[in-house]
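Take a look at the structure below.
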Ligand SMILES: [Zn+2]
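Structural data, given as structure tokens:
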């Protein structure tokens, strides 16, 4: 059955990965590609980005750091796939934890000033 390039509409042979007319990679079912996907590293990185906005006193950053650390370990099984993302997630996660802890101390100070709680 004939396939057509999604970019330029040229007809493609079934075994073609790249369109000969425009050079675009043509998506096809490729088991090797999905085997090289490091989902944990990607997830950890995404949560790390989220933790920059929604941190919950460092809890989200902590989750991001743990998932990224596991993703970094797993990247060895995926020929290094996701290693950069995992390291980025790890660093951002740790920054989020530090910021989370800092925001707690600021909050506690503020509450102390208001004499709501005594620590
Ligand atoms: Zn094309």
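Numbering (this note's numbering), first residue to last: 31 to 149.
Cβ coordinates follow ideal geometry from the N, Cα and C atoms, glycine included.
key: Sequence-distant residues of the same chain with beta carbon closer than 8 Å to residue 124, five excluded per side   = 91, 95
query = Is residue 71 near ligand 1, going by C-beta to nearest heavy atom under 7 Å?
reply = no
ask   = By how many angstroms is the C-alpha of residue 117 removed from the C-alpha of residue 98?
value = 7 Å
request  = Assign residue 48 to buried or exposed, taking buried as 16 or more other Cβ atoms, counted over all protein chains shown, within 10 Å of its Cβ.
outcome  = exposed
message = Could you check if residue 140 belongs to the surroundings of ligand 1, using beta carbon to heavy atom distance under 7 Å?
response = no
Enclosing alpha helix (DSSP H) for residue 70 [first to last residue] = 69–81
request  = Tell me, please, whether the segment 82–89 touches the segment 123–140 by the rule of three or more beta-carbon pairs shorter than 8 Å.
outcome  = yes
inquiry  = Can you tell me whether residue 103 is buried or exposed? The criterion is at least 16 other CB atoms within 10 Å of its CB, across all chains shown.
reply    = exposed
task = Could you check which residue in 36, 68, 34, 38 has the C-alpha nearest to that of residue 108?
result = 68
message = Strictly by DSSP, which residues pair up with residue 41?
response = 34
message = DSSP three-state label for residue 128, please.
response = helix
key: Under the three-state DSSP convention, the category residue 48 falls into   = strand
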